[in-house]
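A.B. asks: First, the structure itself, so that you have it in front of you.
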Amino acid sequence: MARINAVNPEQATGKAKDLLDSVKSQMGGVPNIFSTLAQSPVALEAFLNFNTALGQGVLPASLREQIALTVAGKNQCDYCASAHTLLGKGAGINEEELEKNLHGTSDNENTHAVLNFTQKVVDNRGGISDADVDELRNAGYGDGAIIEIIAHIAINTFTNYFNRIAQTEIDFPVVNTNNVAKAA
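Just so you know, we're using the working numbering here: the sequence shown kicks off at 7 and counts up by one.
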């Protein structure tokens with residue numbers, strides 16, 4: 007049962023209604039994360055703006071979903087693991103790769119470098135080494151891409167914590183993170 011109730015999009019008013027209407031027009035529906043975040047329209051607006059801006063960056067949609075899955079696995083957020091598995095499929099990632107991404111690995115060397123970095127950032131709360139950054143650079147990621155990777159880790163950490171605390175009802179095919187090594 008949810009700890010924080012979702013706002014019914016049909017009964018929303020003011021800024022919450024405007025934001026939820028926008029989500030519905032873009033996605034065809036309103037996933038529970040958005041209707042629950044709508045309890046604080048400023049938090050929902052901040053999330054949507056941050057997410058929209060990051061979508062215009064240099065990282066492809068598939069890599070953004072892979073980062074999100076690794077963060078969800080580390081933080082054991084079933085809601086986000088479920089949502090980003092579905093979104094990852096939509097970005098063209100096969101199920102076997104998505105399962106590996108949830109565990110912070112990939113058969114693709116460059117993707118693996120990003121997911122390894124992601125795990126280290128989450129596990130060490132940002133306390134990484136020069137060698138960790140050099141690994142990304144050696145995989146072809148410049149400073150701008152590295153900053154975007156960090157931003158994706160941050161926004162996904164926010165949604166993981168939010169959904170775990172709110173106990174947001176999962177409205178996607180459920181992916182369980184119990185068998186994933188959680189963050190230290």
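No residue lacks a Cβ here, since even glycine has one placed at the ideal position from N, Cα and C.
Hey, how far is the Cα of S31 from the Cα of I171?
C.D. replies: Within the sequence shown, residue 31 is the residue found at index 25, counting from 1. Within the sequence shown, residue 171 is the residue found at index 165, counting from 1. Roughly 27 Å between the two C-alpha positions.
A.B. asks: Can you tell which of Q62, V36 and A78 has the C-alpha that lies nearest to the C-alpha of A187?
C.D. replies: Numbered from 1 along the sequence shown, position 181 holds the residue referred to as residue 187. Residue A78 is the option with its Cα nearest to A187.
A.B. asks: What residue range is occupied by the uninterrupted alpha helix (DSSP H) comprising F178?
C.D. replies: Within the sequence shown, the letter at position 172 stands for residue 178. First-last for F178: undefined, no H or E at that position.
A.B. asks: Would A89 pass as a contact of N182 if the rule is Cβ separation under 9 Å?
C.D. replies: Locating residue 89 in the sequence shown gives position 83, where the first residue counts as 1. Locating residue 182 in the sequence shown gives position 176, where the first residue counts as 1. For A89 and N182, no; Cβs fall outside 9 Å.
A.B. asks: For A74 versus D129, is the C-beta spacing smaller than 9 Å?
C.D. replies: Numbered from its first residue, the sequence shown carries residue 74 at position 68. Numbered from its first residue, the sequence shown carries residue 129 at position 123. Not closer than 9 Å, so no.
A.B. asks: Express the C-alpha separation of H109 and E141 in angstroms, rounding to a whole number.
C.D. replies: For the purposes of this step, residue 141 is taken as residue 135 along the sequence shown, with counting starting at 1. For the purposes of this step, residue 109 is taken as residue 103 along the sequence shown, with counting starting at 1. Going from the Cα of E141 to the Cα of H109 covers about 19 Å.
A.B. asks: How long is the line joining the alpha carbons of P66 and T19, rounded to whole angstroms?
C.D. replies: Position 60 of the sequence shown, counting from 1, holds the residue named residue 66. Position 13 of the sequence shown, counting from 1, holds the residue named residue 19. Whole-angstrom Cα-Cα distance: 35 Å.
A.B. asks: Candidates N107, C83 and A157: which alpha carbon is nearest Y167's?
C.D. replies: On the sequence shown, position 161 is the one that residue 167 refers to. Comparing Cα positions, the closest option is C83.
A.B. asks: Rounded to the nearest angstrom, what separates D27 and E103 at their Cα positions?
C.D. replies: As a first step, residue 27 must be located in the sequence shown, where it is residue number 21. As a first step, residue 103 must be located in the sequence shown, where it is residue number 97. One C-alpha to the other measures close to 34 Å.
A.B. asks: Distance check for R70 and A97, CA to CA, integer angstroms please.
C.D. replies: Residue mapping note: residue 97 aligns to position 91 of the sequence shown, counting from 1. Residue mapping note: residue 70 aligns to position 64 of the sequence shown, counting from 1. So the alpha carbons of these two residues sit roughly 10 Å apart.
A.B. asks: Is M7 helix, strand or coil when you go by DSSP?
C.D. replies: For this step, residue 7 is matched to residue 1 along the sequence shown. Here M7 sits in coil by DSSP.
A.B. asks: Could you tell me whether the region 106-122 touches the region 140-158, where touching means 3 or more Cβ pairs closer than 8 Å?
C.D. replies: With the cut-off at 8 Å, the region 106-122 and the region 140-158 touch.
A.B. asks: In terms of residue numbering, what span does the alpha helix (DSSP H) encompassing N57 cover?
C.D. replies: Start at 1 with the first residue of the sequence shown, and residue 57 comes out as number 51. Counting along the chain, the alpha helix (DSSP H) containing N57 begins and ends at P47 to L60.
A.B. asks: What does the alpha-carbon distance come out to for the pair N11 and A137?
C.D. replies: For the purposes of this step, residue 11 is taken as residue 5 along the sequence shown, with counting starting at 1. For the purposes of this step, residue 137 is taken as residue 131 along the sequence shown, with counting starting at 1. Using only the alpha carbons, I get a separation of about 44 Å.
A.B. asks: Quick check on S41: buried or exposed, where buried means 16 or more other Cβ atoms within 10 Å of its Cβ?
C.D. replies: What you label residue 41 is simply residue 35 of the sequence shown in a count that begins at 1. Per the 10 Å Cβ criterion, buried.
A.B. asks: With a threshold of 7 Å on Cβ separation, who are the neighbours of E154 within its own chain once the five nearest residues in sequence on each side are excluded?
C.D. replies: Walking along the sequence shown from the start, residue 154 turns up at place 148. Answer for E154: L60, G63, V64 and L65, listed in chain order.
A.B. asks: DSSP three-state label for N38, please.
C.D. replies: The residue labelled residue 38 in the question sits at position 32 within the sequence shown. Helix.
A.B. asks: Identify whether Y147 lies in helix, strand or coil by the three-state DSSP scheme.
C.D. replies: Here residue 147 refers to the residue found at position 141 of the sequence shown. Reduced to three states, the DSSP call for Y147 is coil.
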